[in-house]
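Visitor: This is the structure I want to talk about, given as structure tokens.
Numbering (the numbering used here), first residue to last: -8 to 745.
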């Protein structure tokens, strides 16, 4: 036999007989005979054979199929056509050829594009990867029929090329004249065509060695296998690896282009679906019933147990993993159910550890299409270019990416949740500035995040002691069987190929542990603070996501009422500022968070407690306290050349003069002692003063009022909130506050309305 895999006629007939015996297994279990009958009834032309069954029935043919695929496939397909003809002769004439596809365990022939080498040429291999490029589906002529008007004869010609199983390709010359130079007419209705498509399969990024680019391989699909995969899909392809020599100037060079001739395409899931046993489902239901009130807190506390504290962030990430309900309206528009979270931390907080607990890899911008129906974790979100951040806008709200270039317009699905971490603008969070000034991202992008958490490194001796004890306890712990000096893995199984190996142990048979049990790590925890295992959380979330809770009327009324309060929060709390603009998207956020909380309880309805838990998360994430310096300190801050002692003496003299003026005002009206001129009175009087000031401008019918006559105007008709009227010191402070908010301008004793 030569390298092309050809067999002698005797050997070909012997192989065909053995394959026919394998397919016609009525005397055995009749599995493949029934599959052939189903193929005929479904009007299909491809039979999928498990290589393990062939290995069990005829080991010689299985080994030959893996090593010398071309000749074996020809014999196998002829045997299939003979069996189909014996079952239904009419159906056998409808197709030029019947095809065989393989699945199962391929041993050393189960490879990736990187490990696909020259020793696999001519062999049957199984390759796993990601589809990165697809060509258009084009017809390829298999048989042409020509008619000669002069001789009244019909000419038929078949075509084969290097992608066919035949040993030698046919001539590529299309006939236009017969042997006597009579012109031929092509009968296009009698010609036979076959769909043809080329793909490019790239190595999975998590399986590529560190520091090296992923490799790719070209793939050819024919007939019913075209359009089985699209760019971004993870696939498992079974086919014959073959080289295609190309002629340049009539000569063939020594370098060949290789391709994979596919006979089976199997789509792989983008997420690892856990296997469940009846005992697992029973334990999940029992755990949910045992914690009817605190199941959400229990699961949130067990998420990333190596990280101390940050309870609200862990609960929010649990909501992100559970997600809300996606809604498709009648007009085709989509209301997303994915939850997006942004973490603002300074560089020393190592928040990337939290991201690694969510997925085994951190995807960069531009790979959101590959994470469809998953989670994208983006670190250093603020370091992204403006172009990338602009492209994320459509993804985070509409769940798709629109591409319009090179004459092609396409929409790719990117329905994923986003968990991003960014650093403040100044490297470290400035508590004297508003959250918007610290974050430095545009409002249109921030409004697409459901929750935004600001993680600060506050100096608290008690909290620092707890963190140090937790870290030291983690360093004392060692997993069973771990060698000294080896790193603890994060649970990534990137080196394991997906295959149907009958010898592999079923993970569903292993007992599912609910709680972590370690005397060093968890001995200090109380019974209510037990840590749930990561495997149990993974299975619990997978089951909880199947629940589709419905919003009740009581929760709906509560959410609408609290939403209006969130919108007007700034009027009553002047010492806090919003981290995210409260828009109509905040209303959808409350519904999504309430839905996720209901899923954690495995409830079919979103009740009041779910809405209250959602509001608690939003109030923690939406508002951040801002420390406001006194006005005198703000005035002296720009003068950096002033001596420190001089600035201290000036501030002391200013504070003394301020206390003197305060004492004078108190002595003038002892009844007003409870309303001191300190900063605490401003939230109480600011709203009343704004109304009185506006009325004063209307009375004057002018855009400016002198400070000297302003006191009389604002005290002309005092409201109950003003009491007996405003004092001079209070008016000065209130004007200063409004001037800081760019509402008025005070210049040379005159107040101007902005």
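Here a beta-carbon is modelled for each residue, glycine too, at the ideal position from N, C-alpha and C.
1. My output table needs one value for residue 555: the three-state DSSP class, helix, strand or coil.
2. Taking the beta strand (DSSP E) that residue 249 falls in, what are its first and last residues?
3. What beta strand (DSSP E) runs, 3 residues minimum, are completely inside the segment 64 to 139?
4. In the DSSP assignment, the beta strand (DSSP E) including residue 234 goes from what residue to what residue?
5. Counting C-beta neighbours from all protein chains within 10 Å, is the total for residue 316 16 or more, i.e. buried, or is it exposed?
6. When you compare only the Cα positions, how much space is there between residue 221 and residue 406?
7. Kindly indicate which residue of 217, 204 and 740 has the alpha-carbon position closest to the one of residue 252.
8. Rounding to the nearest angstrom, what Cα-Cα distance links residue 576 and residue 439 in this structure?
9. Below 8 Å, can you find three or more Cβ-Cβ pairs linking the segment 192 to 212 to the segment 61 to 70?
10. Exposed or buried, residue 721, counting other C-beta atoms within 10 Å across all chains shown (16 or more means buried)?
11. Can you find the residues in the same chain that come closer than 7 Å, C-beta to C-beta, to residue 74, ignoring five residues on each side of it along the sequence?
12. Pick out the complete beta strand (DSSP E) segments inside the segment 177 to 215, 3 residues or longer, and give them in chain order.
13. With DSSP run on the structure shown, which of helix, strand or coil describes residue 298?
14. What are the boundary residues of the beta strand (DSSP E) that includes residue 755?
15. Distance cutoff 8 Å, beta carbons only. Does residue 363 sit that close to anything in chain B?
16. What separation, rounded to the nearest whole angstrom, lies between the Cα atoms of residue 149 and residue 134?
17. Three-state secondary structure (DSSP) at residue 36?
18. Going by Cα to Cα distance, which pick from 40, 101, 189 and 143 is closest to residue 125?
19. Excluding the five sequence neighbours on either side, which residues of its own chain have a C-beta within less than 6 Å of the C-beta of residue 557, listed in chain order?
20. To the nearest angstrom, how far is it from the Cα of residue 42 to the Cα of residue 152?
21. To the nearest angstrom, report how far apart residue 370 and residue 376 are at their CA atoms.
22. Please work out which residues of its chain come closer than 7 Å, Cβ to Cβ, to residue 34, disregarding the five sequence neighbours upstream and downstream, and give them in chain order.
23. With burial defined as no fewer than 16 other Cβ atoms inside 10 Å of the residue's Cβ, what is the status of residue 434: buried or exposed?
24. Using only CA atoms, which one of 175, 278, 285 and 117 lies nearest to residue 231?
25. If we ignore side chains and look at the alpha-carbon of each, how far apart do residue 603 and residue 285 end up?
26. Considering just the uninterrupted stretch of the alpha helix (DSSP H) at residue 607, what are its terminal residues?
27. For residue 281, name the three-state secondary structure that DSSP assigns.
28. Using CA atoms only, rank isn't needed, just tell me which of 105, 336 and 255 is closest to residue 204.
29. With 16 as the cutoff for other CB atoms within 10 Å, does residue 724 come out buried or exposed?
30. CB-CB under 7 Å to residue 302, same chain, minus the five flanking residues each way: which ones, in chain order?
31. In three-state DSSP terms, what is residue 368?
32. Find out if the Cβ-Cβ distance for the pair residue 139, residue 181 is shorter than 8 Å.
33. What are the boundary residues of the alpha helix (DSSP H) that includes residue 375?
34. With a threshold of 16 other CB atoms inside 10 Å of the CB of residue 200, please say whether the residue is buried or exposed.
35. In this structure, what does DSSP give as the bridge partners for residue 403?
36. Relative to the alpha-carbon of residue 735, which residue among 696, 716 and 717 has its alpha-carbon at the smallest distance?
Guide: Let me lay it out:
1. Locating residue 555 in the chain shown gives position 564, where the first residue counts as 1. Shown here, residue 555 sits in a helix according to DSSP, grouped into three states.
2. Translated into positions along the chain shown, residue 249 becomes position 258. Per DSSP, residue 249 belongs to the beta strand (DSSP E) from 248 to 259.
3. Entirely contained in the segment 64 to 139, the beta strand (DSSP E) runs reaching 3 residues are, in chain order, 90 to 94, 115 to 125 and 129 to 139.
4. Within the chain shown, residue 234 is the residue found at index 243, counting from 1. Unbroken beta strand (DSSP E) run through residue 234: 225 to 235.
5. If you number the chain shown from 1, residue 316 lands on position 325. The residue in question, residue 316, is buried, as its Cβ has 16 or more Cβ neighbours within 10 Å.
6. By 1-based counting over the chain shown, the position of residue 221 is 230. By 1-based counting over the chain shown, the position of residue 406 is 415. Their Cα atoms are separated by approximately 16 Å.
7. As a working note, residue 252 is residue 261 in the chain shown. Closest by alpha carbon: 217.
8. On the chain shown, residue 576 is found 585 positions in, with the first residue counted as 1. On the chain shown, residue 439 is found 448 positions in, with the first residue counted as 1. Distance from the CA of residue 576 to the CA of residue 439, rounded to the nearest whole angstrom, comes to 7 Å.
9. No: the two stretches stay apart, fewer than three of their Cβ pairs being nearer than 8 Å.
10. For this step, residue 721 is matched to residue 730 along the chain shown. Taking all protein chains in view, the Cβ of residue 721 is crowded by 16 or more other Cβ atoms within 10 Å, so the residue is classified as buried.
11. Taking the first residue of the chain shown as 1, we reach residue 74 at position 83. Closer than 7 Å at Cβ, skipping near neighbours: 11, 14, 15 and 27.
12. With a minimum length of 3 residues, the continuous beta strand (DSSP E) runs that stay inside the segment 177 to 215 are 183 to 193 and 207 to 213.
13. Counting from one through the chain shown, the residue named residue 298 turns up at place 307. Correct three-state label for residue 298: coil.
14. Outside the modelled stretch of the chain, which goes from -8 to 745, sits residue 755, for which no answer is possible.
15. Annotation note: the requested chain B is absent from the structure, which comprises a single protein chain.
16. Numbered from its first residue, the chain shown carries residue 149 at position 158. Numbered from its first residue, the chain shown carries residue 134 at position 143. Looking at the two C-alpha atoms, the distance is approximately 4 Å.
17. Taking the first residue of the chain shown as position 1, residue 36 is located at position 45. Assigned with DSSP and collapsed to three states, residue 36 falls in coil, not helix or strand.
18. For the purposes of this step, residue 125 is taken as the residue at position 134 of the chain shown. Taking only the C-alpha atoms, the option nearest residue 125 is 189.
19. Working through the chain shown from its first residue, we reach residue 557 at position 566. Closer than 6 Å at the Cβ level, and outside the excluded window around residue 557, lie 573.
20. The residue you call residue 42 lines up with position 51 of the chain shown. The residue you call residue 152 lines up with position 161 of the chain shown. If I take the Cα positions, the gap works out to 27 Å.
21. In the chain shown, the residue the question calls residue 370 occupies position 379. In the chain shown, the residue the question calls residue 376 occupies position 385. Distance between the alpha carbons of residue 370 and residue 376: 13 Å.
22. Counting from 1 along the chain shown, the entry for residue 34 is found at position 43. So no residue of the chain qualifies.
23. Position 443 of the chain shown, counting from 1, holds the residue named residue 434. Answer is exposed; the Cβ neighbour count stays below 16.
24. Position 240 of the chain shown, counted from the start, is the residue given in the question as residue 231. Looking at the Cα atoms, 117 is the closest of the given residues.
25. Position 612 of the chain shown, counting from 1, holds the residue named residue 603. Position 294 of the chain shown, counting from 1, holds the residue named residue 285. Between residue 603 and residue 285, the alpha-carbon positions lie close to 14 Å from each other.
26. Locating residue 607 in the chain shown gives position 616, where the first residue counts as 1. Judged by DSSP secondary structure, residue 607 falls within the alpha helix (DSSP H) whose first and last residues are 599 to 613.
27. As a position in the chain shown, residue 281 is number 290, starting the count at 1. In the structure shown, residue 281 falls within a helical segment according to DSSP collapsed to helix, strand and coil.
28. Counting from 1 along the chain shown, the entry for residue 204 is found at position 213. Distances from the alpha-carbon of residue 204 to those of 105, 336 and 255 put 105 closest.
29. In the chain shown, counting from the first residue as 1, residue 724 sits at position 733. Flag for residue 724 reads buried.
30. Working through the chain shown from its first residue, we reach residue 302 at position 311. Cβ within range, chain order: 291 and 292.
31. To locate residue 368, count along the chain shown from 1; it is residue 377. In the three-state reduction of the DSSP assignment, residue 368 falls in the strand class, which pools E and B.
32. Indexing the chain shown from 1 puts residue 139 at position 148. Indexing the chain shown from 1 puts residue 181 at position 190. No. Outside cutoff.
33. What you label residue 375 is simply residue 384 of the chain shown in a count that begins at 1. That residue, residue 375, is in no alpha helix (DSSP H); it is neither H nor E in DSSP.
34. For the purposes of this step, residue 200 is taken as the residue at position 209 of the chain shown. Counting the other Cβ atoms within 10 Å of the Cβ of residue 200 gives fewer than 16, which makes it exposed.
35. Within the chain shown, the letter at position 412 stands for residue 403. Beta-bridge pairing links residue 403 to 392.
36. Along the chain shown, read from residue 1 onward, the residue named residue 735 stands at position 744. With distances taken between Cα atoms, residue 735 lies closest to 696.
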